[in-house]
Every structure is written in C-alpha cells, then in structure tokens.
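Trainee: Please read through the structure below; I'll follow up with questions.
2 protein chains.
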Amino acid sequence: MTSDLSGDDLTAAVLDSFAPSTEPRLREILQVVTSHLHAAVKELRLTQKELDAALQFLTAVGQKCDETRQEFILLSDVLGISMLVETLNDSDDAHATEATVLGPFHMTESPRRALGDAINLLPGGEPAYITGRVTDSDDNPIANAVIDVWQCNEEGFYDVQQPDVQPAGNGRGIFRTDADGQFRFRSIVPSHYPIPNDGPVGVLLDLTGRHPYRPAHVHFIAQADGYRELTTHMFVADSPYIDSDTVFAVRESLIVPFHPVTDADQAASVGLSSPYHHAIVNIVLATDEEEAAA
Amino acid sequence: MTSDLSGDDLTAAVLDSFAPSTEPRLREILQVVTSHLHAAVKELRLTQKELDAALQFLTAVGQKCDETRQEFILLSDVLGISMLVETLNDSDDAHATEATVLGPFHMTESPRRALGDAINLLPGGEPAYITGRVTDSDDNPIANAVIDVWQCNEEGFYDVQQPDVQPAGNGRGIFRTDADGQFRFRSIVPSHYPIPNDGPVGVLLDLTGRHPYRPAHVHFIAQADGYRELTTHMFVADSPYIDSDTVFAVRESLIVPFHPVTDADQAASVGLSSPYHHAIVNIVLATDEEEAAA
Chain A
1 MTSDLSGDDL TAAVLDSFAP STEPRLREIL QVVTSHLHAA VKELRLTQKE LDAALQFLTA
61 VGQKCDETRQ EFILLSDVLG ISMLVETLND SDDAHATEAT VLGPFHMTES PRRALGDAIN
121 LLPGGEPAYI TGRVTDSDDN PIANAVIDVW QCNEEGFYDV QQPDVQPAGN GRGIFRTDAD
181 GQFRFRSIVP SHYPIPNDGP VGVLLDLTGR HPYRPAHVHF IAQADGYREL TTHMFVADSP
241 YIDSDTVFAV RESLIVPFHP VTDADQAASV GLSSPYHHAI VNIVLATDEE EAAA
Chain B
295 MTSDLSGDDL TAAVLDSFAP STEPRLREIL QVVTSHLHAA VKELRLTQKE LDAALQFLTA
355 VGQKCDETRQ EFILLSDVLG ISMLVETLND SDDAHATEAT VLGPFHMTES PRRALGDAIN
415 LLPGGEPAYI TGRVTDSDDN PIANAVIDVW QCNEEGFYDV QQPDVQPAGN GRGIFRTDAD
475 GQFRFRSIVP SHYPIPNDGP VGVLLDLTGR HPYRPAHVHF IAQADGYREL TTHMFVADSP
535 YIDSDTVFAV RESLIVPFHP VTDADQAASV GLSSPYHHAI VNIVLATDEE EAAA
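Chains as they are written, first to last, in the numbering used here: chain A, 1 to 294; chain B, 295 to 588.
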C-alpha cells in the first residue's frame, strides 16, 4: 500500500519503487540522488511556489540547449559538480597530469591536423607555439597518442559560438604524437572569457553576485592505448581570473607560462612571425588500471 | 584563492561563491541543494560518463517540455518530490482537507461555468454528478469560494493531450460556491491512466520496472478569501492502481465512492440520464495563518 505516505515513509516508498531488477548501478544512483533531494526538500521545508520556480528554472536550462549550447553542463560547472566529479576520478598515480572539467564546448569533432599545423585559421591574436611530450609516469615517451585540443580565440569565443565569423574547426585540432611522444602546433594565446551568460545560468550567476569569467586556457583530451584517458586544460599563467574561475577548475599544476620569444629566426623556423609566445605542456598519462586488471 | 580545490574544500568554495548580498532564501536553497548534490556525487563516486548521462537526461527532460507538456513536473512527481512538498506544506489544521500534487495538466485556464453545468463537452463515458460543500473547520459554509476542477476523459486523456479530439476546456471548469457553500457539476467518471510515458520520464520508469499508471481522480484547487489555498484530488474509490499510484499522491481521506443512481426521475432532475454515478466531495479549508497573523 503506497497511499497516505509522508516524510520518511514517502522517501522509503520512492526508493523501493525502483525494482530490484533495475541495472544495479542505475538503481544505486537513483536511490542516492532521490534520498539527497528529499533530504534537501525537508531541510528547506520547500514550498510549492519554490518547487514550481525550481522546475521552471530547470526547464529553461534544458530549453536553452541546442547543437552549439549545453546549458546543463554550464549549470553543473558553476555548481562545482563537474569539477567534483573530475577530482573524485583523479588517477591514483601521483605523477599523472591532473584532470579538470570538459566544459560545454567539446561538441564538434576537431579536425585531424599534422604536427606543427596551425589551429587558428583566421588572422588576429598573439601568435603562440605550443609544444609538449606525452609520457608514462616513468617518463617513457608514448608514441601515437591522440591529443585533441580546443580553445577560444583572442576575443574569448569558440568557433561554435560564432558560426558567421569563425570557420568550423577554428581553434581545434587532433594531433598524434611522434615516435618520441612529442607534439607541436601553432595557435594564438587564448583570452579569458565569460561563460555564455545570456541564459538561465547567467541569471543564476547574476542573482548570486557571481562573475561569469574563466581564466584563459587551452583544453586537452589525451588518449593512448593502455592508458587512462585524460581530460584537462592548460591555464595561461597570470591570466585574469586565474584565482576565481567561475567553474572552480584551476589546479596549480596546470598553470603554464607563455614565454615571449623575440628571435626572428626562431620564429621563422616554426612558421611564425616574432614576437610569439612559447608554451610547453608535458602530459603524463596513468596506466589504465581497469585495462591492466583485465 | 579558489584553485586546487577538491572534496570538502571544493564544496565549501561553491557554497561561499553565492554572495552574502544574495536574496537570503535563494542563497539558502542554493546552498542546501548544492551541499546535497555534492554529497550524492561523493557517496556515489560518480564517474564522468555517469555525469554526462545525467546531464543528457535532464536536457532531454527540458526539451520534452512545451506548451502542453511539462516533463520536469512529471520527473518531480515520479521521484515523490512533488508529493513530499505537498505533505510538508499540509495545514496544521487537522480538520482541513488534505492536499495532494498539482500534476502537469493545470496549464490552461479552466472556463468559468455556472453551478450544475457539465464540464464534459463530448458524448461518451459514464455520467457522473459531483456535488459538495466548502466549509471552514467549524463546518461553517464558505460562500463564493472558487473551485477549479480538471479531469481526464473516459480514455484517460486531458484536453491538452488531444487537441484534435477534445475541445479546449473539456473536463475543466471554474465554479463559485453558493450562499450555503455548495457546488455541483455534471461530468463523467474519469479513467485511471498512464502519465505521458513517451518521453525521458517514461524511459526512466521503464528502466526501473515501474508502471506509469495513476488511479482515476478529479483535480481540485479551492480558494476563498481568508483561507489557505488547497490543491488536491478526489480519487475514485476502487479504481485500478489506487494502491500503487506512480506519483505517490493517494491519501485515504481523498478516496470518494461514486454511488450508482438508477432512478430516472432523479437523473432527469440533475440533467443526466440514468444510470449515473453520484460523488460527494466536501472540502474543508484552513484559515490562512499568514493572513491571520498579518
């Protein structure tokens, strides 16, 4: 009999309603999330009007999403949930590069490019040369690792945000490391930027006295057979907002200096004009423990 | 410095990010909900793939909503959150009629109708006559109370679900009680029905071995100056699913028998043919404590 339920009995009835035949992890997730949501409602003694407002807000978040906008990831980001998940899933390998949030702009496939190619397809911005090496935690090079990179332009916009201005794939590229685990590409120094704040998440930030800015960064996903996939950023040292990222994603180990290079020959040798900035990003991948165990 | 945060420090930084200048209740709600969401994520050690799947699910819930479909209310309903909020906000007045969920179909304005009018505008269904009285908790009649009713048809569909079949306002009406606090209208016996299950909430029910059915009921909102607004149902006694409402909304005190009436003269006197069913719904409103306190 599931009538006349209130308080803890009601919560128990909802938890029991997920049949024992449910896929066990799904059942666990639903039971834990439902328990916590009920606890929050009870603690707050939420009113009907407040519940209505919350459901309207969540509806608006869903409806703001389209092929180039993911407002629910933004919401998860500004509530620190995305970063919490990243930190919980950090590799146990203390030498491995730390992870950070995926963000909402990894929604199109990056073009495959050759080592040394430019990912910036338009003029403008401060030239940058980004080089690095992918290794295991014993400093052995990982050849043929896949490095997916994406970044905004000098005004803080990703290609998908400016389809009339930027060609698709601007600021993006997929590279494979060479036999020494090395990779290199040309780009520009990315700008700090506000997360898209013309939607419900922007209203939330506004109502709570929060700025919408993220410090300048380049996104990376690194993958190689037998290693744990890594989603991370490199943050531009000394960028505005490096101390107050609105999505709580900065980790000290991921801050990288962009050294100015003024030598014209050196610039010419990498296909850039001087001055340019050189950033070095070394990525250490942890062994895939699940794969190793299997 | 809000970099290099993890675990409890990260949660604390997010809670602190909502500025002290935020409207106090909004800040309280955001802090309590964020705390519980972080606790759930930690307890589950949620993976990135699971978070992605959760955000995709919530996006799909939002995108399923339109002018006639409110999938987020359905989600709140099937997780027992809507009913929990109702029970937390029950009047302290033990004599008052108990509340239950609003549901997702109170989205159009009901037409104003005269006492005795029919709310069913199409042929079909088993005729019903619903009468009642609105009183305070000392049994004094409340004249001029507004009673907003809505129900599904004999096939379990609300007007907004079948715009090509049912005229707008079918199964709906707003009535005012007479000097004796009485109201009456003609209708049909509503059917039990599945909540709309062709969207993401339907997938959730399916994956967790839950049926989508609600027992037959008529929705009521009763309002009168100086009294607490009441959102409730009357459930049809002996309806299928009366013991397993998928939104946990049944309360024993709200179950009403639909007595068969076979007398032709009696039927004619209320504008119905015999046999019909007669249901009596007495509604007791609590004094509006906030208004009384003011």
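The beta-carbon is built from N, C-alpha and C at its ideal position, and this holds for glycine as well.
(1) Say whether chain A places a C-beta atom closer than 9 Å to the C-beta of S533/B.
(2) Touch check for the stretch 109-125 of chain A and the stretch 185-194 of chain A: three-plus C-beta pairs under 8 Å?
(3) Taking only runs that begin and end inside the stretch 130-197 of chain A, name each unbroken beta strand (DSSP E) of 3 or more residues, in chain order.
(4) Quickly, what does DSSP pair H217/A with across the bridge? List them, please.
(5) Quick check on the DSSP output: the alpha helix (DSSP H) that includes I81/A runs from which residue to which?
(6) Measure the C-alpha to C-alpha separation of S21/A and I549/B and round it to an integer number of angstroms.
(7) CA-CA distance, G475/B and L75/A?
(8) DSSP puts Y276/A in a beta bridge; with which residues?
(9) Could you tell me the alpha carbon to alpha carbon distance between E229/A and E403/B, rounded to whole angstroms?
(10) Which residues in the same chain have their Cβ closer than 8 Å to the Cβ of T581/B, if we skip the five residues on either side of it in sequence?
(11) Could you spell out the range, first to last residue, of the alpha helix (DSSP H) harbouring V41/A?
(12) Under DSSP, the alpha helix (DSSP H) around S547/B begins and ends at which residues?
(13) Please report how far the alpha carbon of A143/A lies from the alpha carbon of V284/A, in whole angstroms.
(14) Need the endpoints of the alpha helix (DSSP H) that S311/B sits in, please.
(15) Give a yes or no on whether 9 Å exceeds the smallest Cβ distance from T391/B to chain A.
(16) What is the DSSP secondary structure of L122/A, reduced to helix, strand or coil?
(17) Relative to the alpha-carbon of Q151/A, which residue among R113/A, S191/A and P257/A has its alpha-carbon at the smallest distance?
(18) For A510/B, which residues from the same chain have a beta carbon less than 6 Å from its beta carbon, with the 5 sequence-adjacent residues on both sides left out?
(19) Output, in chain order, the set of chain B residues within a Cβ distance shorter than 8 Å of A19/A.
(20) Going by the CB atoms, is the gap between F175/A and V165/A shorter than 9 Å?
(21) How many angstroms separate the CA atom of D159/A from the CA atom of D66/A?
(22) What distance in whole Å lies between the Cβ atoms of T526/B and A393/B, which are believed to be in contact at a cut-off of 8 Å?
(23) Going by CA-CA distance only, name the one from V327/B, A439/B, G419/B and Q560/B that's closest to V428/B.
(24) Run the CB neighbour count on D371/B, radius 10 Å, all protein chains shown included, and call it buried at 16 or more, exposed below.
(25) Let me check understanding here. Comparing Cα to Cα, which of F105/A, G171/A, P163/A and Q56/A lies closest to G124/A?
(26) Output the distance between the C-alpha atoms of N447/B and D539/B, rounded to the nearest integer angstrom.
(27) How many angstroms separate the CA atom of V443/B from the CA atom of Q560/B?
(28) I need the boundaries of the alpha helix (DSSP H) containing I536/B, first residue and last residue.
(29) I want to verify the contact list: residues of chain A whose CB lies under 8 Å from the CB of S370/B, in sequence order.
(30) What first and last residue would you give for the alpha helix (DSSP H) that runs through Q364/B?
(31) Please confirm if S91/A has its CB atom under 9 Å from at least one CB of chain B.
(32) Which value, in whole angstroms, describes the spacing of the CA atoms of V497/B and N491/B?
(33) For a test of the three-state rule: what should DSSP assign to A94/A, helix, strand or coil?
(34) Please list, in chain order, all residues of the same chain as R545/B whose beta carbon is under 7 Å from its beta carbon, the five residues on each side excluded.
(35) Just the C-alpha distance for A562/B and S568/B, rounded to the nearest angstrom, thanks.
(36) Is the separation between the beta-carbon of M107/A and that of T59/A shorter than 9 Å?
Mentor: By the coordinates alone:
(1) As a position in the second sequence, residue 533/B is number 239, starting the count at 1. So no, S533/B is outside the interface.
(2) yes
(3) 146-150, 172-176 and 182-188
(4) Taking the first residue of the first sequence as position 1, residue 217/A is located at position 217. Beta-bridge annotation (DSSP): H217/A is paired with F235/A.
(5) For the purposes of this step, residue 81/A is taken as residue 81 along the first sequence, with counting starting at 1. I81 to L88 is the extent of the alpha helix (DSSP H) around I81/A.
(6) Taking the first residue of the first sequence as position 1, residue 21/A is located at position 21. Taking the first residue of the second sequence as position 1, residue 549/B is located at position 255. So the two alpha carbons sit approximately 32 Å from each other.
(7) As a first step, residue 475/B is located in the second sequence; it is residue number 181 there, counting from the start. As a first step, residue 75/A is located in the first sequence; it is residue number 75 there, counting from the start. Using only the alpha carbons, I get a separation of about 48 Å.
(8) On the first sequence, residue 276/A is found 276 positions in, with the first residue counted as 1. Paired residues: V261/A.
(9) Counting from 1 along the first sequence, the entry for residue 229/A is found at position 229. Counting from 1 along the second sequence, the entry for residue 403/B is found at position 109. Cα-Cα distance, rounded: 53 Å.
(10) Taking the second sequence and counting its residues from 1, the one referred to as residue 581/B is at position 287. Result list for T581/B: D387, D430, S431, G520, Y521 and R522, in chain order.
(11) In the first sequence, the residue the question calls residue 41/A occupies position 41. That run of the alpha helix (DSSP H) goes P24 to L44.
(12) The residue labelled residue 547/B in the question sits at position 253 within the second sequence. Run containing S547/B: none; DSSP gives neither H nor E here.
(13) Taking the first sequence and counting its residues from 1, one reaches residue 143/A at position 143. Taking the first sequence and counting its residues from 1, one reaches residue 284/A at position 284. Near 13 Å, if we compare the C-alpha coordinates of V284/A and A143/A.
(14) The residue labelled residue 311/B in the question sits at position 17 within the second sequence. Element bounds for S311/B: G301 to S311.
(15) Position 97 of the second sequence holds residue 391/B. No, T391/B lies away from the interface with chain A (no Cβ there is under 9 Å from its Cβ).
(16) Locating residue 122/A in the first sequence gives position 122, counting from the first residue. The answer is coil: DSSP assigns L122/A none of H, G, I, E or B.
(17) As a first step, residue 151/A must be located in the first sequence, where it is residue number 151. Measuring from the Cα of Q151/A, the nearest candidate turns out to be S191/A.
(18) The sequence position of residue 510/B within the second sequence is 216, counting from 1. Correct list, in chain order: P484, S485, H486, V530 and S533.
(19) Within the first sequence, numbered from 1, the residue matching residue 19/A stands at position 19. Here the neighbours are T502, G503 and R504.
(20) Looking up residue 165/A in the first sequence gives position 165. Looking up residue 175/A in the first sequence gives position 175. No, the Cβ-Cβ distance between V165/A and F175/A is not below 9 Å.
(21) Position 159 of the first sequence, counted from the first residue, corresponds to residue 159/A. Position 66 of the first sequence, counted from the first residue, corresponds to residue 66/A. If I take the Cα positions, the gap works out to 15 Å.
(22) If you number the second sequence from 1, residue 393/B lands on position 99. If you number the second sequence from 1, residue 526/B lands on position 232. That belief holds up - the Cβ atoms of A393/B and T526/B are roughly 5 Å apart, short of 8 Å.
(23) Counting from one through the second sequence, the residue named residue 428/B turns up at place 134. Looking at the Cα atoms, A439/B is the closest of the given residues.
(24) Mapped onto the second sequence, residue 371/B falls at position 77. Buried is the call here.
(25) On the first sequence, position 124 is the one that residue 124/A refers to. Measuring from the Cα of G124/A, the nearest candidate turns out to be G171/A.
(26) For the purposes of this step, residue 447/B is identified with residue 153 of the second sequence, where counting begins at 1. For the purposes of this step, residue 539/B is identified with residue 245 of the second sequence, where counting begins at 1. Computed Cα separation, rounded: 18 Å.
(27) Numbered from its first residue, the second sequence carries residue 443/B at position 149. Numbered from its first residue, the second sequence carries residue 560/B at position 266. Between V443/B and Q560/B, the C-alpha separation is close to 24 Å.
(28) On the second sequence, residue 536/B is found 242 positions in, with the first residue counted as 1. Going by DSSP, I536/B is part of no alpha helix (DSSP H) at all; its letter is neither H nor E.
(29) In the second sequence, counting from the first residue as 1, residue 370/B sits at position 76. Near S370/B (Cβ distances below 8 Å), the residues of chain A are L51 and L55.
(30) Here residue 364/B refers to the residue found at position 70 when the second sequence is read from its first residue. Here Q364/B belongs to no alpha helix (DSSP H), and DSSP marks it neither H nor E.
(31) To locate residue 91/A, count along the first sequence from 1; it is residue 91. By this cut-off, S91/A is not an interface position.
(32) In the second sequence, residue 497/B corresponds to position 203, counting from 1. In the second sequence, residue 491/B corresponds to position 197, counting from 1. Rounded to whole angstroms, V497/B to N491/B spans 7 Å at the Cα level.
(33) Your numbering for residue 94/A matches position 94 in the first sequence. Of the three classes helix, strand and coil, the one that applies to A94/A here is coil, per DSSP.
(34) Here the question's residue 545/B lines up with position 251 in the second sequence. Exclusion of the five residues before and after R545/B leaves E392 and T394 as the residues of its chain whose Cβ lies within less than 7 Å of its Cβ.
(35) In the second sequence, counting from the first residue as 1, residue 562/B sits at position 268. In the second sequence, counting from the first residue as 1, residue 568/B sits at position 274. Annotation: A562/B to S568/B spans about 8 Å, alpha carbon to alpha carbon.
(36) Position 107 of the first sequence holds residue 107/A. Position 59 of the first sequence holds residue 59/A. No Cβ-Cβ contact shorter than 9 Å links M107/A with T59/A.
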